[in-house]
Structure formats: structure tokens, C-alpha cells
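Participant: With our numbering applied, the sequence shown corresponds to residues 145 to 414, in that order.
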Amino acid sequence: MTTEPEPDSSSQPAPSAVTEPGPGVSAGGPEGLGLRISSPVLICGGPSPSKSELTARLRSLDVKVLDSPGVEHLEAVLSAEEPRVAVLDVRARRRVPELRQVVGMLRGGAVGCAVLLWFDGDAEPHEILDLRRAGDDHTIGTVDVEDTLIRLHLLSEALPEEAGDRFLVGDLELDVAARTVTRAGRDIDLSDTEFRLLRLLMRHARTVLSKTEILHEVWQYEFAGQANIVELYISYLRKKIEVGMPKMIHTVRGAGYVLRPADADTSTGR
Numbered sequence: 145m146t147t148e149p150e151p152d153s154s155s156q157p158a159p160s161a162v163t164e165p166g167p168g169v170s171a172g173g174p175e176g177l178g179l180r181i182s183s184p185v186l187i188c189g190g191p192s193p194s195k196s197e198l199t200a201r202l203r204s205l206d207v208k209v210l211d212s213p214g215v216e217h218l219e220a221v222l223s224a225e226e227p228r229v230a231v232l233d234v235r236a237r238r239r240v241p242e243l244r245q246v247v248g249m250l251r252g253g254a255v256g257c258a259v260l261l262w263f264d265g266d267a268e269p270h271e272i273l274d275l276r277r278a279g280d281d282h283t284i285g286t287v288d289v290e291d292t293l294i295r296l297h298l299l300s301e302a303l304p305e306e307a308g309d310r311f312l313v314g315d316l317e318l319d320v321a322a323r324t325v326t327r328a329g330r331d332i333d334l335s336d337t338e339f340r341l342l343r344l345l346m347r348h349a350r351t352v353l354s355k356t357e358i359l360h361e362v363w364q365y366e367f368a369g370q371a372n373i374v375e376l377y378i379s380y381l382r383k384k385i386e387v388g389m390p391k392m393i394h395t396v397r398g399a400g401y402v403l404r405p406a407d408a409d410t411s412t413g414r
């Protein structure tokens, strides 16, 4: 277990991208638990003992590790490796430069990343809520690498089933590369905005997304304060993917929207 505070190691050189071979499946884990991290793990942040220890532990579990200390090489790493899980160090002394741009890049693109954020012990709630999104996770204060491994395992397990550039949720399939959507083998024609919205819902399947989160991720605040645009496009999607079929997009009153397989428990929402 790593203890804090950590000595300043800013003089150490940081590689732009480090990869390790392997299928990303562990043979064991903390307390003898079996862990499965099904994606390369991207670690963003300055040099630190926690980062070094986590890198070593992931490699020992045969998980590919990617390192991007800033924006400069991040786009190339995301494009080449397509990680779906990332660790973002936002502690004051380790914080990745150009944080906002890095966060946008991690959440953008065809797939996007589930992010584990490391916050300082005195992090304010508004800071956490500002950076974290549905499907993410975070820790506050001392970084426990054993705990981090378990959290990465859970983030990986919660990701929608994916085959290449495809998202599969129940009988609904979205192919990012071909830009096609089918349900039970039936082709569904979507506009660009509808496609982005459905991709977001499928990426965070079984997780409730608030209107604010959806507005931020799909429209990047272009329609800030106009949450009715979310309701409108949810309605459009429902008409296209649910016509003559069981519901998949559910409204959770006071919380937002969630997409679930049609055969999942639908006791919450409508």
C-alpha cells in the first residue's frame, strides 16, 4: 500500500506512451481474488510512487499499460490503442497539464473511457461532481493500489459488451465504424445527434444518466439550460428503436434516463 504524501519526483522523465503485451486478463488479484481488466489501462498524470506501483501491478497481471502525462501524445495513444479504462490523477501536485482538454479527449471519440479519478483528501464536492460522470469512479486522499485494482476491475466489468467497434446491449447493436444500428436484425436509421445519444446510452448501459450529463456529453453545452432538447431526442430514439418492440430506454423520475436490455428488471422508471 502506498502512503501519502509522496515525494516530489517532477525531475523524472515521463514517457509519452508505454505499452505492455498481454491479453488484459489477470490470473489473480488482491486477497487472492480473480480480477479481469478487459481493456488496456491508460494512466494520465505526473510521476508519482502511486503511478509507478500501479503500473507494476497491472503489468504483473498481464494488463497492457498506457502512459500519457499530458495532451501532446494523448490523441495518438487513444487512436492507436483505444483504451476503455483510464486513471486520471487530479491531485494538485500530480495533476495532468491541460486537465480540461484531457478530460474532453478521454470522453470523446468513438468509444470513450470509463475514468477512475484520484483526488486530494481536501477535494471539494463541486470539484468531484464537475469532473466525474456516470460510469466513472473516484478515490479521495491516500491512493491504495490494491483498492485501485479492484475499482478498475469493476469499471471494466461494467462496460457494455463490445466486439471491435460495436456496442451490444441485449438485442440492440451499434457499430461505430460502419455507423449502423440494428435491433433484432432490423436496420435503424438515425441522425448524427441520435447516433451520438444512443452511443452514450449504450456506453453507460444500466447506469442512470441525468439530463445535465447527457446535455454535456452529446451537445457540449451548446444548448445549456435547455434540457428539453434531451427529452425531445430521447423521444425520437424511442420511436425508432422501440417501435413494435419492448422498451429499452427508461425514465427514472427525478434522476434521468437509463438504457437496459429489454429482458432486464424494469421495475424502476418507465
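The C-beta atom is built at its ideal place from N, Cα and C for all residues, glycine as well.
How is Gly248 classed by DSSP in three states: helix, strand or coil?
Facilitator: Reduced to three states, the DSSP call for Gly248 is helix.
Participant: What would DSSP say about Thr351, mapped onto helix, strand or coil?
Facilitator: Coil, per DSSP.
Participant: Express the C-alpha separation of His282 and Ser196 in angstroms, rounding to a whole number.
Facilitator: Roughly 19 Å separates the two Cα atoms.
Participant: For the candidate residues Cys257, Leu202, Tyr377 and Gly214, whose alpha-carbon lies nearest to that of Pro241?
Facilitator: Ranking Cys257, Leu202, Tyr377 and Gly214 by Cα distance to Pro241 puts Gly214 first.
Participant: Starting from the Cα of Val287, find the closest Cα among Ser300, Leu250, Arg251 and Arg238 and give me that residue.
Facilitator: The residue with the shortest Cα to Cα distance from Val287 is Arg238.
Participant: For the segment 257-273 against the segment 326-338, do three or more pairs of beta-carbon atoms, one drawn from each stretch, fall closer than 8 Å, so that the two count as touching?
Facilitator: No contact exists between the segment 257-273 and the segment 326-338.
Participant: Would you call Val247 buried or exposed, if buried means 16 or more other Cβ atoms sit within 10 Å of its Cβ?
Facilitator: With 16 or more other Cβ atoms within 10 Å, it is buried.
Participant: Measuring alpha carbon to alpha carbon, tell me which of Val313, Ile373, Ile378 and Leu376 ends up nearest Arg347.
Facilitator: Looking at the Cα atoms, Val313 is the closest of the given residues.
Participant: When we look at the beta-carbon of Ser335 and count the other beta-carbons within 10 Å, is it buried (16 or more) or exposed?
Facilitator: So Ser335 counts as exposed.
Participant: If you draw a straight line from the alpha carbon of Glu361 to that of Gly190, how long is it in whole angstroms?
Facilitator: Rounded to the nearest angstrom, the two C-alpha atoms are 26 Å apart.
Participant: Taking buried to mean at least 16 other C-beta atoms within 10 Å of its own C-beta, is Asp233 buried or exposed?
Facilitator: Per the 10 Å Cβ criterion, buried.
Participant: Can you give me the C-alpha to C-alpha distance between Met249 and Val207, rounded to a whole angstrom?
Facilitator: Looking at the two C-alpha atoms, the distance is approximately 22 Å.
Participant: Tell me the start and end of each unbroken alpha helix (DSSP H) in the segment 261-338 that is at least 4 residues and wholly inside, in chain order.
Facilitator: DSSP runs (the alpha helix (DSSP H)) wholly in the segment 261-338: 269-275 and 289-302.
Participant: Nearest to Gly265 by alpha carbon, out of Leu275, Ile284 and Leu273?
Facilitator: Measuring from the Cα of Gly265, the nearest candidate turns out to be Ile284.
Participant: State the beta-bridge partners of Thr395 as determined by DSSP.
Facilitator: For Thr395, which the question treats as bridged, DSSP gives the partners Tyr401.
Participant: Measuring only the C-alpha atoms, how far is Ile385 from Phe339?
Facilitator: Cα-Cα distance, rounded: 11 Å.
Participant: What is the rounded straight-line gap between the Cα of Leu186 and the Cα of Pro227?
Facilitator: Between Leu186 and Pro227, the C-alpha separation is close to 6 Å.
Participant: Pick helix, strand or coil for Val240, following the three-state DSSP scheme.
Facilitator: Reduced to three states, the DSSP call for Val240 is coil.
Participant: Over what stretch of residues does the beta strand (DSSP E) that includes Val234 continue unbroken?
Facilitator: Looking at the DSSP string, Val234 is not in any beta strand (DSSP E), and its letter there is neither H nor E.
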